[in-house]
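Each protein sequence line maps, in turn, to chains B and U. For the first sequence, the positions run 1 to 397 when the working numbering is used. For the second sequence, the positions run 1001 to 1397 when the working numbering is used. For glycine and all other residues, C-beta sits at the position ideal for the given N, C-alpha and C. Predicted model only: the values in this text are computed from it and were never measured.
There are 2 protein chains.
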Amino acid sequence: MVRTRATVRDLRRQNRSVLLTALFLDGPLSRQQLSSTTGLSAATASTITGELLDEGLLVEAGSVESDGGRPRVLLRVNPAFGHVIGVDVGETGIKVELFDLAMTRLSTVDHPLAVVEPVAVCELIAAGVGEVLSAAGVAASSVLGVGVGVPGTVEQGTSAVVHAQTIGWDAVPLEKMLRAAGVEPPLYVENGAKTQGQAEMWFGAGRGTRHAVIALVGSGVGVAVVTGGVVHRGATSNAGEWGHTTIAYGGRRCRCGARGCLEAYAGAEAMLGRYREALRRDVPRLDEQSALEDLLSSRSAVARRVVDESVGYLGAGIANLVNLFNPELIVLGGWAGLALGARKLDEIVAATADHALRHPFGQVRLELGRTGPDAVAVGAATLPVAVLLETGAHHRD
Amino acid sequence: MVRTRATVRDLRRQNRSVLLTALFLDGPLSRQQLSSTTGLSAATASTITGELLDEGLLVEAGSVESDGGRPRVLLRVNPAFGHVIGVDVGETGIKVELFDLAMTRLSTVDHPLAVVEPVAVCELIAAGVGEVLSAAGVAASSVLGVGVGVPGTVEQGTSAVVHAQTIGWDAVPLEKMLRAAGVEPPLYVENGAKTQGQAEMWFGAGRGTRHAVIALVGSGVGVAVVTGGVVHRGATSNAGEWGHTTIAYGGRRCRCGARGCLEAYAGAEAMLGRYREALRRDVPRLDEQSALEDLLSSRSAVARRVVDESVGYLGAGIANLVNLFNPELIVLGGWAGLALGARKLDEIVAATADHALRHPFGQVRLELGRTGPDAVAVGAATLPVAVLLETGAHHRD
DNA sequence: GAGGCTTATTTTTAGGCGCGAACTAACCTC
DNA sequence: GAGGTTAGTTCGCGCCTAAAAATAAGCCTC
């Protein structure tokens, strides 16, 4: 359903957006190709790219000979037009990364943090922004925006407010605080699972897909639902709490207080917890990732039972996503999801098949995530880029 | 993310659509009001409404005095501009209803059918279309479209194909068959739950809501998810199979073959089935609706246990929707949902609260559906109207 | 009941936009 | 270097919305 009126200016904005997006996603293209892929006339493609070249958003990128005729001049988004910064606020520290407009990583800073306390986090982010800029020799003025991925949910009002139970944040006005700490560029605060989903859609397994669900299994469990290239946020940006959907009515107590949540069975924390319970003793105090690796590679009957059960629950959880969303693609990501998927993908698919309806199951593929450990930061950095592309970087309003 | 290029013509189409939609949904409005609510300039509002008046899409609807100045002339969609037909293909027969463009019901035809067999259904629909038209004295040429709500899922290709397990339809090319049976107007085939959801959004509890979930509990269980006024279809129009999401891992066998589906606990069929099991005898052979009424009003301990358990499962299922979609509104509809909700709404809300995360739960309201038993037909009839509004009834392409 | 006032709608004018056609540019082959 | 081929640009047309000006249609006052 159409939302609002349109003016002549909106036309130009939209067409700029279409061209810019095509160039960003599908690499260098000639005006010719742009015209045919976007459906714009050659005349319009030419005028708009001319405008974008003048503004410095595009640059020429060599040329390609054409059968006997004038060679095509390739155009691409000017990587140096501006820069974007992605921040990953994790449970053990923060990571700040600087990218150019081609999403090439220019520099990275990691700051471990024993206690992820809001004020300290904001100061570290402010410092980190300065550090990545000076490390890469990039001027602060060329930063188009800073994206911040946080655990928990984000209320997107006039100023973003974060609710993150796992790190004890209750209604933290992060945007205001970052501003106060001296972060000047436009800010985009978003749930980390959603930024990671965005990264997977743009650069990972989701490329070119319209309806996808990115399931993130880490210590906990979350999901990003993408429809037509847009991450589903819900009424108040709380959508995607897959981990706390009931999958075993009346079952295990979850840390959220309810019983039978998926996260009480399928996340790394839950798997390790159930393993400890089954063993009736504590496993060695390793960090969670090594502990999970040990569990997954253990040949003990107990370990295998715990893992197999988890695979079953995870499959049922994935089947629920298949039945509710009917996506073309489900991406299994998150460090624990990747670890489990690397060993047990076939079993997960089988468990999904057991619980999903035949028809939607027949139309979905299940793939492992392809983005690395800094997907949250990359995804966060795409937020300002997405805005640039959507508005077509229109100078006037 | 913007999809495709736009031309000057698209501008006009969109603005026509905006005006037409405003007039359709918010009753008679003056050009003045149209201009301020849509944001279009008074000049443009005037030109476009003039055009629409000329084309017969709008009519004047009296005038309202304004403080001392020229009175406002009210405009509204011309109810007689065209008519739409909604068809409800149920498990026990078909219903055909004729509406004018103000969605006033002009005539209705019911055809019970012992066996819902595709060819017979198509012939009955073709006959029904003729009957409702002649009953109301409406010319076939003024029918803008026929919407058909069917159980099961609909593959929307070049021609709609229906998969409906409950009535034994496997890949029935309904659109082609209806065409062959002599139904001439444009056809819109859609899943009945989704058409019912559409009706609830336009005329029922969902009015004015952007993010809503309409949960339909009848014999089985389904859901329509609405985001920004659009029903979510998924990659292949299979989305919303809420009834077959796993809620009790390893639990009761469902008719879909899997274990622990919500539908195995919360639909009317499941409730009655569990009641029979608990009683260890068959309940009297009533029709399903009376049987459910009896169960709900029974004071026996067994009946109350079955009902209370169902409420618990249903609440957990609703909580899953809250956690995954974060809607502002959940509408509980369907005949069984309404019957249960009329008696147990508070308990359902409490059960939902037990399983949902606090934050998204705090932002959702749970309401009972307000559309009557022919919501499927009404919703189906809105399909052609939605197309008319979206395209702005643009004459040229 | 004439003139002034207020508000709604229409007409006029100006500035933008995309498209098709005509035109120019840049290469190749012979 | 002439002719052919393909890529990109320029120009005029028709369409669009917005702002300003003009007109319409009531009310109020004297």
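Take P28 (chain B), set aside five residues on each side of it, and the residues of its chain with a beta-carbon closer than 6 Å to its own are A61, L74, R76, in chain order.
The beta carbon of G362 (chain B) sits closer than 7 Å to no other beta carbon from its chain once the five residues preceding and following it are set aside. Taking the Cα positions, R179 (chain B) is about 20 Å away from G82 (chain B). Under the 8 Å criterion on CB atoms, L1040 (chain U) is classed as interfacial with respect to chain B.
By alpha-carbon distance to E1390 (chain U), the top candidate from U:Q1014, U:T1037, U:R1003 is U:Q1014.
The beta carbon of I1348 (chain U) is closer than 8 Å to those of V1311, L1314, G1315, I1318, L1332, L1340, G1341, L1366 in its chain, skipping five residues each way along the sequence. The beta-bridge partner set that DSSP reports for R253 (chain B) consists of B:R259. Bridge partners of A1042 (chain U) according to DSSP: none are assigned. As summarised for the segment 182-249 of chain B, the continuous beta strand (DSSP E) elements at least 3 residues long and confined to that stretch are 187-191, 211-217, 221-227, given in chain order. Out of U:M1201, U:H1211, U:G1197, U:A1205, the CA that lies nearest to the CA of V1223 (chain U) is found in U:G1197. Assignment of L1332 (chain U) by DSSP, reduced to helix, strand and coil, places it in the strand class.
Along the segment 1264-1282 of chain U, the positions whose C-beta sits under 9 Å from a C-beta of chain B are Y1265, read in chain order. Residue-level contact by beta carbon fails for A381 (chain B) and chain U, as no gap is shorter than 8 Å. Contact check between the segment 183-195 of chain B and the segment 149-164 of chain B: three or more CB pairs, one atom from each, fall below 8 Å, which counts as touching. Of all residues in the segment 1325-1349 of chain U, only F1325, N1326, P1327, E1328 place a beta-carbon less than 8 Å from a beta-carbon of chain B. Following the DSSP letters along the chain, one finds R1009 (chain U) in no beta strand (DSSP E) but inside the alpha helix (DSSP H) bounded by residues 1008-1025.
Using a CB distance cut-off of 8 Å, Y1188 (chain U) does not count as an interface residue toward chain B. Here T371 (chain B) is buried. Its C-beta has 16 or more other C-beta atoms within 10 Å. Cα atoms of E1155 (chain U) and D1170 (chain U): separation of roughly 11 Å, rounded to the nearest angstrom. Shortest Cα-Cα distance from V119 (chain B) to any of B:G93, B:S134, B:A139 involves B:G93. Here V1226 (chain U) has M1201, A1212 as same chain residues with Cβ atoms under 6 Å from its own Cβ, once five neighbours each way along the sequence are excluded. Beta-bridge partners of H83 (chain B) (DSSP): B:D100, B:V143.
By the criterion of at least three beta-carbon pairs nearer than 8 Å, the segment 130-139 of chain B is in contact with the segment 94-105 of chain B. With 16 or more other CB atoms across the displayed protein chains lying within 10 angstroms of its CB, L19 (chain B) is buried. Beta-bridge analysis with DSSP links A164 (chain B) to B:W169. Distance from the CA of A1235 (chain U) to the CA of R210 (chain B), rounded to the nearest whole angstrom, comes to 8 Å. Near chain B, meaning a CB-to-CB distance below 8 Å, the residues of the segment 1007-1035 of chain U are T1007, V1008, D1010, L1011, Q1014, N1015, S1017, V1018, T1021. The residue among B:C256, B:R9, B:T37 with its C-alpha nearest the C-alpha of T21 (chain B) is B:T37. Short of 6 Å from the beta carbon of G1218 (chain U), and not among the five residues preceding or following it, lie these beta carbons of its own chain, in chain order: G1334, W1335, A1336. Within the same chain, and ignoring the five residues on either side of P1360 (chain U) in sequence, the residues whose Cβ sits closer than 8 Å to its Cβ are V1322, N1323, N1326. Sorting U:P1185, U:V1183, U:L1216, U:P1112 by C-alpha distance to the C-alpha of A1199 (chain U) places U:L1216 at the top. By the C-beta density criterion, V1064 (chain U) is exposed, having fewer than 16 other C-beta atoms within 10 angstroms. Counting only runs that start and end inside the segment 281-309 of chain B, there is no beta strand (DSSP E) element of at least 3 residues.
Within the model, the alpha-carbon separation for S46 (chain B) versus S30 (chain B) is close to 10 Å. For G1062 (chain U), the enclosing beta strand (DSSP E) covers residues 1058-1064. G1260 (chain U) and E1241 (chain U) have their C-alpha atoms roughly 14 Å apart.
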